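Going by the working numbering, the first residue of the first sequence is number 25, and it counts up by one from there.
Just so it is clear, CB atoms sit at the ideal spot from N, CA and C, and this is done for glycine as well.
Since we're looking at a predicted model, the values are computed, not measured.
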Amino acid sequence: MLPHKQIELKLQAAVCAVLPDADVSAVLVRPCDPKFGDYQSNALMSLAKARKINPRQLATDTLAKLDVSDVCEKVEIAGAGFLNFRLKNSVLAQTLEAAARGEHLFFSQAATPKTVVLDFSSPNVAKPMHVGHIRSTGIGDALQRTLRLLGHRVISDNHIGDWGTQFGKLLLGWKNILDRPALERDAIAELERLYKIINAECDANPARLDEAKAELVKLQAGDAENISIWKEMIRLSQIQFDTIYSRLGVKFDHALGESFFNPWLGEVVNELLAKNIARESEGAVGVFSDGSQPPKEDPFLVNRDGEWAADPALVRKSDGGFNYTTTDLATVDYRLKTWSPNEIVYVVDDRQSGHFKKLFLIFGRWKPAAAKTTKLVHVGFGKIMGDDGKPFKTRSGDTVKLGDLLDEAVERAYKTVCEKSAELPEAQRREIARVVGLGAVKYADLLPNRQSDYIFSWDKMLALQGNTAPYLLYAYARIKSIFRKSAETANIQHPTPNIQLAAPEELAVARHLLNFGLTLEAVADEYRPNFLCNYLFELAVHFSRFFENCPVLKAEDAATRDSRLALCDLTARVLKQGLETLGIETVEQM
RNA sequence: GCGCCUGUAGCUCAGUUGGAUAGAGCAUCUGCCUUCUAAGCAGGUUGUCCCGGGUUCGAUUCCCGGCGGGCGCACCA
């Protein structure tokens, strides 16, 4: 067990001894400013506050019941009632030695593994994947990797947009103005062309719109020709998705598109009607407020000119068609029945938060028992903006295609690699550029707090200094370089390492390594990969200082050298594991 | 109009149960490559945490009211 966890458990026991009825689940030990110690707990102050007792007295009483002398120096009470813990140097070294023997990598498996359905990426058939998809795909994949690393069971499901009204227009276009050679050259571009032309025609000409609707009705009725064209459009789109996902290294367990849930939509609506959760209104069927919460917080109500008016979630249109709320409900039901998850997590643009609020409330009314055991979570994120502060577009004002974006990132990285490492063979420079370019895009997307919009900047993500993927990859490559040199040198052996921490730079790296697991847990709890980005950046900074100040291969003696080699190796392993968890590859040399 | 999100250094952004003197990168200035990769390191400068109240030992964080920005508001997803 990692030292901070030992301290935490003992502290909780001590608090129990002093305050037997206290809820100690919030009594936590967190890393803190090094001037105070390695770890700190401020939980006693809030406990004391709730009980109106003197916090310093509580700290003193707790400390009397607390014996952490096996792992810590003397515990200090500071300020209004902080407890400051400083690890014994020997404990730090032992923890690192255990890691060097492969017993752990500074994190542990979750005590109670969860089953989590992760819904992310969700591109649309017949449309190019664009820059917006990087967010859902990257964040979702990082969460998938983090949860799995911590021992949770993850079912990732790509809820592809393969059904809906747009297919009426696409079918009309396919039948009338399809350019076969163009389709073979670039299927998605051709499908996009069809859609744009027909869409414009429909806007201008109601008769054309009726034709499109007729094609859609035929498709929904199972017309053989329309079904086969529709399937072909899905197949062509899937090729595009697969190409992108393979470049990004993203994998899904399932890709159950919207159409998969078609058979159950009518049933869902009937059930909602039967249970009086939904009712008819203006020919459509919708779920309305049940008055269970104050109007201000009720998403089924909207205030118009001082009056509270209904703002229902429609589940069946007046023409008999279904809405995406219906599909999402059928999807929830399927997931419950198939995987019995503890959580279903949707990694979707924040703009859809209203939809999810309604969806989750309907779920609670529709499946009250399941709602007690399964938590639905919307992990939202902001938009990507251009440097003009407006949504990120190409110069000509089009959306930026994801494939083009990745190409450009790799190309820009290639130019830099050629400047910095001209001596490396061409193929290796290409490979470095691929890893650095893709890594830079992913890292830049994961670094900001997901809920805020961020400004997309080639220069920032590939500037190769500061908090960027290239900086982290560079730190990793520098470590690997030491080991290449070490292998070249005769007479150097690395037996079971005996870790000795003396220099402040060594201690800083060592302490930071110990917090890897805490960081992973925070990422999983809050669904925030940016915590891991910042952790890895700090690790790289600590390592770079160590690298500058502490010679490894030229250390004063063999014991120091071997200890430092072990520290290098552990740093490399955490960097690699951490980057991998963000979906970013590493290179041995750059 | 109503609701949701947001406002932190010149710029781009972090800020983990409310916690100690609010941090990083960029930019800018100054040093450091016959020594393991200088895509690096060391140091200097940088703040009305939008404004005003409230809660309390303590507020960038929580509550209320303003102001500014973004987004969403019945048959698209």
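If residue 31 and residue 53 are in contact, beta carbons under 8 Å, what's the gap, nearest whole angstrom?
-> 5 Å
Where residue 193 falls, given that 16 or more other Cβ within 10 Å makes a residue buried = buried
Report the three-state DSSP secondary structure of residue 187 (helix, strand or coil).
-> coil
Residue 328 - containing beta strand (DSSP E), residue span | 325-328
So what does residue 417 bridge to, in DSSP terms?
-> 423
Distance between beta carbons of residue 155 and residue 426, contact taken as under 8 Å | 6 Å
Give me the Cα-Cα distance between residue 157 and residue 275, rounded to the nearest whole angstrom.
-> 15 Å
Would you list the one or two residues that DSSP bridges to residue 64?
-> 54, 108
How about residue 306 and residue 342: do their beta carbons lie closer than 8 Å?
-> yes
Give the DSSP bridge partners of residue 367, in chain order.
-> 140, 399
Based on Cα-Cα distance, which residue from 219, 386, 376, 226 lies nearest to residue 292?
-> 386
Looking only at its own chain, which residues have a Cβ that is under 6 Å from the Cβ of residue 559, when we skip the five neighbours before and after it?
-> 543
Measure the Cβ-Cβ separation of residue 50 and residue 90 and say whether it is below 8 Å.
-> no
In the DSSP assignment, find the unbroken alpha helix (DSSP H) run with residue 181 in it and report its ends.
-> Premise fails: residue 181 lies in the beta strand (DSSP E), 177-181, not in any alpha helix (DSSP H).
Close-in-space but distant-in-sequence residues of the same chain around residue 441 (CB under 6 Å, 5 per side omitted) | 453, 456, 457
Pick from 357, 120, 396, 335: whose alpha carbon is nearest that of residue 378?
-> 335
Among the residues of its own chain, which have a CB less than 8 Å from the CB of residue 104, if the five just before and after it don't count?
-> 69, 79, 80
Is the distance from the Cβ of residue 598 to the Cβ of residue 312 below 8 Å?
-> no
Scan the region 85-134 and note each continuous beta strand (DSSP E) run of 3 residues or more that stays entirely inside, going in chain order.
-> 100-102, 106-109
So the beta strand (DSSP E) residue 308 belongs to, where does it begin and stop?
-> 308-311
How would you write the range of the alpha helix (DSSP H) that residue 337 sits in, first residue to last?
-> Segment 337-340 is the beta strand (DSSP E) holding residue 337; no alpha helix (DSSP H) there.
Nearest to residue 486 (by Cα), restricted to the options 562, 469, 502, 476 | 469
Is residue 522 buried or exposed, if buried means 16 or more other CB atoms sit within 10 Å of its CB?
-> exposed
Extent of the continuous beta strand (DSSP E) to which residue 332 belongs = 331-334
8 Å Cβ cutoff met for residue 354 and residue 289 = yes
Heavy atom of the ligand ZN within 7 Å of residue 159 beta-carbon = Ligands displayed in this structure: none; no statement on the ligand ZN is therefore possible.
Spatial distance of residue 490 from residue 475 (CA atoms) | 22 Å
Contacts around residue 402, its chain only, beta-carbon distance under 7 Å, and the 5 residues preceding and following it disregarded | 370, 372, 377, 380
Backbone secondary structure at residue 500 - three-state DSSP = helix
State the beta-bridge partners of residue 304 as determined by DSSP.
-> 309
Simplified DSSP state of residue 158, which is helix, strand or coil | helix
Kindly indicate which residue of 314, 328, 493 has the alpha-carbon position closest to the one of residue 322.
-> 314
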